[in-house]
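Everything below concerns the one structure shown next.
In the UniProt record's numbering, the protein residues as written are 1 to 124.
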């Protein structure tokens, strides 16, 4: 089950995804402190929760942990979209409402994605 993230969880995951490398709590803390005052223990607790949720993996380095993302931001977002669709009741109606609200850029991205990965049963 993919879980939606709280504000600080989302901020930390966005940082982790942007690094594209493993990072320590201290790395994330120093990054976050450029924009706000935040305690080391707060960042450590949130990163531990993200680890327990399965979004970060970690390994010990000395007395601390180094964390890395388990999957890409795109894969995480796709999981959220899939769960939302599955919980929406009538999937066809949900998809129609979704498609009605797409911007031209989003519609073009969807068309491109379908050319790369056509739906099952429609492969050339």
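A virtual CB, placed ideally from N, CA and C, is assigned to each residue, including glycine.
Fair warning: this is a prediction, and the values are worked out from it, not measured in the lab.
For residue i, three-class secondary structure by DSSP
i, result
"residue 61", "strand"
"residue 86", "helix"
"residue 43", "helix"
"residue 66", "strand"
"residue 78", "helix"
"residue 23", "strand"
"residue 50", "helix"
"residue 8", "helix"
"residue 56", "strand"
Selection from the options that minimises the alpha carbon distance to residue i
i, options, result
"residue 52", "111, 9, 115", "9"
"residue 60", "7, 25, 40, 117", "25"
"residue 29", "21, 54, 41", "41"
"residue 19", "46, 64, 72", "72"
"residue 14", "117, 65, 76", "76"
"residue 46", "91, 5, 37", "5"
Same chain, Cβ closer than 8 Å to residue i, neighbours up to 5 away in sequence not counted
i, result
"residue 68", "16, 21, 22, 23, 56, 57, 58"
### Query
Residue ranges of each alpha helix (DSSP H) run of no fewer than 4 residues wholly in the region 94 to 118, ordered along the chain?
104 to 116, all fully within the region 94 to 118.
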